[in-house]
Amino acid sequence: MTGSEARPPLSPSFRLAYVPGVTPGKWVRIWNERLPDVPLTLLQVSAGEAPGTLRDRGADAGLVRLPMDRTALSAIPLYTETTVVIVPKDHLVAAVDEVTLADLADEIVLHPLDDTLGWEALPGRPAFERPATTADAVELVAAGIGVLVVPQSLARLHHRKDLTYRPVTDAPASRVALSWPEDETTDLVEHFIGIVRGRTVNSTRGPQPAAAQPKQRGRSEAKGGGRGSAAGRPAAGKNPRGGSAGAGGAKGGKGTGKATGTGKGAAKGVKGAKGGKPRRRP
Numbered sequence: 000m001t002g003s004e005a006r007p008p009l010s011p012s013f014r015l016a017y018v019p020g021v022t023p024g025k026w027v028r029i030w031n032e033r034l035p036d037v038p039l040t041l042l043q044v045s046a047g048e049a050p051g052t053l054r055d056r057g058a059d060a061g062l063v064r065l066p067m068d069r070t071a072l073s074a075i076p077l078y079t080e081t082t083v084v085i086v087p088k089d090h091l092v093a094a095v096d097e098v099t100l101a102d103l104a105d106e107i108v109l110h111p112l113d114d115t116l117g118w119e120a121l122p123g124r125p126a127f128e129r130p131a132t133t134a135d136a137v138e139l140v141a142a143g144i145g146v147l148v149v150p151q152s153l154a155r156l157h158h159r160k161d162l163t164y165r166p167v168t169d170a171p172a173s174r175v176a177l178s179w180p181e182d183e184t185t186d187l188v189e190h191f192i193g194i195v196r197g198r199t200v201n202s203t204r205g206p207q208p209a210a211a212q213p214k215q216r217g218r219s220e221a222k223g224g225g226r227g228s229a230a231g232r233p234a235a236g237k238n239p240r241g242g243s244a245g246a247g248g249a250k251g252g253k254g255t256g257k258a259t260g261t262g263k264g265a266a267k268g269v270k271g272a273k274g275g276k277p278r279r280r281p
């Protein structure tokens with residue numbers, strides 16, 4: 000992915016399939032803000048139809064439920080839902096905060112054909128026949144025929160005033176995932192992956208600004224300050240013409256001064272700078 004700031008090539012549309020109970024509204028809104036030139040089309044499909052829709056290229060990507068047949072499909076799990084049991088409001092289960100599968104052992108537990116939970120062994124007692132859909136099973140619960148174990152989002156989707164639900168602590172859980180054909184990981188798919196994973200416009204995966212170049216030093220700084228300090232004044236203890244304050248003494252022979260240009264040595268250096276002691280005439 001080139002980053003959320005760099006837009007992928009324009010496309011007529013990005014087709015996103017989603018299964019009942021999943022609410023893609025937040026991600027769709029972010030997509031429309033970041034890619035207003037690429038319309039996102041939503042396609043609702045049943046949980047059982049979702050894998051085939053993606054393999055047949057009926058959608059570019061899909062929000063699906065795991066477990067599912069993942070042949071030729073890539074998938075990124077997004078979150079795991081709480082599993083609940085739907086019961087009438089006057090049912091004994093409604094009096095407690097949560098239940099286990101053992102608490103449902105004497106109940107008729109409906110198992111619709113579009114069930115999304117990966118059961119190893121079905122709980123409770125089986126019904127005479129399986130309802131075709133989750134919606135049909137909810138109607139049977141309202142009629143007092145049995146109870147229904149589903150992901151919490153489906154219980155909310157099929158909410159009725161005469162029904163309620165409670166968490167089932169040891170039931171299988173349904174995971175919601177983003178899936179797409181494994182050989183069709185396009186730029187648009189990568190962009191949607193970034194959105195569902197919460198990457199921002201300033202994502203670190205986006206193009207990074209060039210590293211700031213160090214400010215070029217002045218000529219005098221590069222050469223160690225030249226003859227003077229940064230303010231253009233001679234350094235302490237230096238003769239403005241170069242050399243130490245006692246340099247003149249060195250030229251005068253005996254009169255040598257210290258480099259600091261202070262003290263008696265400096266005075267002798269000044270005297271020596273005038274030519275040293277005069278010779279006596281014969």
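Counted from 1, the sequence shown has number 188 at position 189 by numbering that gives the first Met the number 0; the numbering is strictly sequential.
Glycine residues also receive a C-beta, built at the ideal position from the N, C-alpha and C atoms.
For residue i, I'd like the list of residues in its chain whose CB is within less than 7 Å of its CB, leaving aside the five on either flank, ordered along the chain.
i: residue 194; result: 26, 29 and 30
i: residue 71; result: 54, 180 and 181
i: residue 14; result: 40, 42, 58 and 59
i: residue 24; result: none
Output needed for residue i: all residues of its chain with C-beta closer than 8 Å, excluding positions within five of it in sequence on either side, in chain order.
i: residue 141; result: 87, 159, 161 and 162
i: residue 50; result: 63, 67, 68, 69, 70, 72 and 178
i: residue 12; result: 37, 38, 39 and 40
i: residue 52; result: 16, 42, 44, 58 and 61
i: residue 46; result: 18, 19, 63, 64, 67, 113 and 115
i: residue 212; result: Any reading at residue 212 must be qualified, since the residue scores a pLDDT of 46, below 50, and its modelled position is unreliable; the value itself is stated next. Answer for residue 212: no residue qualifies.
Is it buried or exposed, residue i, if we count other Cβ atoms within 10 angstroms and call 16 or more buried?
i: residue 20; result: buried
i: residue 145; result: buried
i: residue 79; result: exposed
i: residue 124; result: exposed
i: residue 127; result: exposed
i: residue 35; result: exposed
i: residue 32; result: exposed
i: residue 196; result: exposed
i: residue 119; result: exposed
Taking C-alpha atoms, which residue in the options lies nearest to residue i?
i: residue 76; options: 177, 146 and 13; result: 177
i: residue 22; options: 156, 165, 196 and 191; result: 156
i: residue 111; options: 72, 184, 138 and 92; result: 138
i: residue 57; options: 84, 154, 183 and 82; result: 183
i: residue 150; options: 74, 85 and 34; result: 85
i: residue 117; options: 173, 45 and 18; result: 173
i: residue 143; options: 108, 47 and 99; result: 108
i: residue 95; options: 168, 190 and 196; result: 168
i: residue 42; options: 90, 60 and 33; result: 60
i: residue 83; options: 89, 90, 97 and 91; result: 97
i: residue 103; options: 147, 129, 115 and 119; result: 147
i: residue 114; options: 16, 130 and 44; result: 130
i: residue 18; options: 89, 106, 153 and 192; result: 153
i: residue 164; options: 24, 105, 89 and 186; result: 89
i: residue 101; options: 93, 46 and 122; result: 122
i: residue 192; options: 171, 74, 99 and 170; result: 74
i: residue 93; options: 166, 175, 171 and 170; result: 166
i: residue 99; options: 24, 170 and 175; result: 170
Leaving out five residues on either side along the sequence, give the residues of the same chain with a beta carbon under 6 Å from the beta carbon of residue i.
i: residue 105; result: none
i: residue 48; result: none
i: residue 81; result: 151 and 166
i: residue 91; result: none
Query - Contact between the stretch 52-69 and the stretch 132-144 (3+ Cβ pairs under 8 Å) - result: no
**Report entry** Uninterrupted alpha helix (DSSP H) stretches inside the stretch 43-122 (no shorter than 4 residues)
**Finding:** 49-54
Report task. Entirely within the stretch 9-39 and at least 4 residues each: give me those alpha helix (DSSP H) ranges in chain order. Result -> Counting only runs of 4 or more, we get 24-33.
Query raised in the report: Curious, which full-length beta strand (DSSP E) runs of at least 3 residues does the stretch 147-192 contain?
Result: 162-166 and 174-180
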